[in-house]
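J.:
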Amino acid sequence: MTIHVGDRIPEVTLKRIREGMETIDTQALFDGRKAVLFAVPGAFTPTCSARHLPGYIERFEQFRSRGIDVFCMAVNDPFVMQAWGKAQSVPDGLLMLSDGNGDLTRALGLEMDASGSGMGMRSRRFALYVDNGIVRAVHVEEPGNFEVSSAEYVLAHLPE
Numbered sequence: 001m002t003i004h005v006g007d008r009i010p011e012v013t014l015k016r017i018r019e020g021m022e023t024i025d026t027q028a029l030f031d032g033r034k035a036v037l038f039a040v041p042g043a044f045t046p047t048c049s050a051r052h053l054p055g056y057i058e059r060f061e062q063f064r065s066r067g068i069d070v071f072c073m074a075v076n077d078p079f080v081m082q083a084w085g086k087a088q089s090v091p092d093g094l095l096m097l098s099d100g101n102g103d104l105t106r107a108l109g110l111e112m113d114a115s116g117s118g119m120g121m122r123s124r125r126f127a128l129y130v131d132n133g134i135v136r137a138v139h140v141e142e143p144g145n146f147e148v149s150s151a152e153y154v155l156a157h158l159p160e
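Residue numbers (UniProt numbering): 1 to 160.
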């Protein structure tokens with residue numbers, strides 16, 4: 001079942017690397033704050049690297065000025081997410097989160113089978129606006145598209 005507006009973010013753990021490997025649960029990540037979680041099918045892939053992540057980097061301060069944190073997630077390991085963040089000059093505060101086993105992706109109902117491209121199970125391209133752990137907006141792309149999960153689209157459609 002796909003996540004809907006009004007649903008609570010499922011409680012699972014994700015990984016990230018800062019000083020070392022960290023495990024962070026979604027409750028700690030989302031409770032008590034406003035955040036946009038956007039997901040990409042894969043780090044270093046063409047659209048993700050040329051358009052999706054760069055849009056959030058360019059508009060990061062616009063989100064922050066509205067009191068919104070920004071999290072990028074992919075079904076990649078945390079080392080890949082860290083390397084991709086460095087390669088893309090991700091600003092401090094834009095978290096690069098690893099859903100390496102796809103636990104959150106599956107819990108959200110937003111997985112896709114990319115085996116035909118040799119990538120296995122991955123996340124669909126999407127963006128969620130979450131306020132205090134509750135999903136307030138869901139933007140899921142149709143396969144092959146990149147529009148409704150872009151930073152500019154999400155900024156223009158934030159609920160008041």
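Glycine is no exception: its CB is placed at the ideal position from the N, C-alpha and C atoms. Just so we're clear, the structure is a prediction, and the values are computed from it rather than from any experiment.
#1: Could you give the DSSP three-state label for I68: helix, strand or coil?
#2: Tell me, to the nearest whole angstrom, how far the beta carbon of I17 is from that of F79; I am working on the premise that it is less than 8 Å.
#3: Beta strand (DSSP E) containing I134: first to last residue?
#4: For G133 and A28, I'd like the C-alpha separation in whole angstroms.
#5: Here's the rule: buried if 16 or more other CB atoms are within 10 angstroms of the residue's CB, otherwise exposed. What is H157?
#6: Distance, Cα to Cα, N145 vs Y153?
#7: Is it right to say E160 is buried, meaning 16 or more other beta carbons lie within 10 angstroms of its own, or is it exposed?
#8: For G6 and E147, what's the separation of their Cα atoms in angstroms?
#9: Per DSSP, what kind of secondary structure is M81 in: helix, strand or coil?
#10: Whole angstroms is fine: what's the gap from E19's alpha carbon to S149's?
T.: Looking at the coordinates:
#1: Mapped onto the sequence shown, residue 68 falls at position 68. Three-state DSSP puts I68 in a strand.
#2: In the sequence shown, the residue the question calls residue 17 occupies position 17. In the sequence shown, the residue the question calls residue 79 occupies position 79. With a Cβ gap of about 7 Å, I17 and F79 count as contacting.
#3: Position 134 of the sequence shown, counted from the first residue, corresponds to residue 134. From DSSP, the beta strand (DSSP E) with I134 extends over I134 to V140.
#4: Reading the sequence shown from its first residue, position 133 is the one you call residue 133. Reading the sequence shown from its first residue, position 28 is the one you call residue 28. Each residue's alpha carbon lies about 9 Å from the other.
#5: Taking the first residue of the sequence shown as 1, we reach residue 157 at position 157. Exposed, by the Cβ-count rule.
#6: The sequence position of residue 145 within the sequence shown is 145, counting from 1. The sequence position of residue 153 within the sequence shown is 153, counting from 1. Taking the straight line from one Cα to the other gives about 13 Å.
#7: In the sequence shown, residue 160 corresponds to position 160, counting from 1. Result: exposed.
#8: Residue numbering aside, residue 6 sits at position 6 when the sequence shown is read from its first letter. Residue numbering aside, residue 147 sits at position 147 when the sequence shown is read from its first letter. Cα-Cα distance, rounded: 23 Å.
#9: Taking the first residue of the sequence shown as position 1, residue 81 is located at position 81. DSSP places M81 in helix when its eight states are reduced to three.
#10: Taking the sequence shown and counting its residues from 1, the one referred to as residue 19 is at position 19. Taking the sequence shown and counting its residues from 1, the one referred to as residue 149 is at position 149. Each residue's Cα considered, the two are about 30 Å apart.
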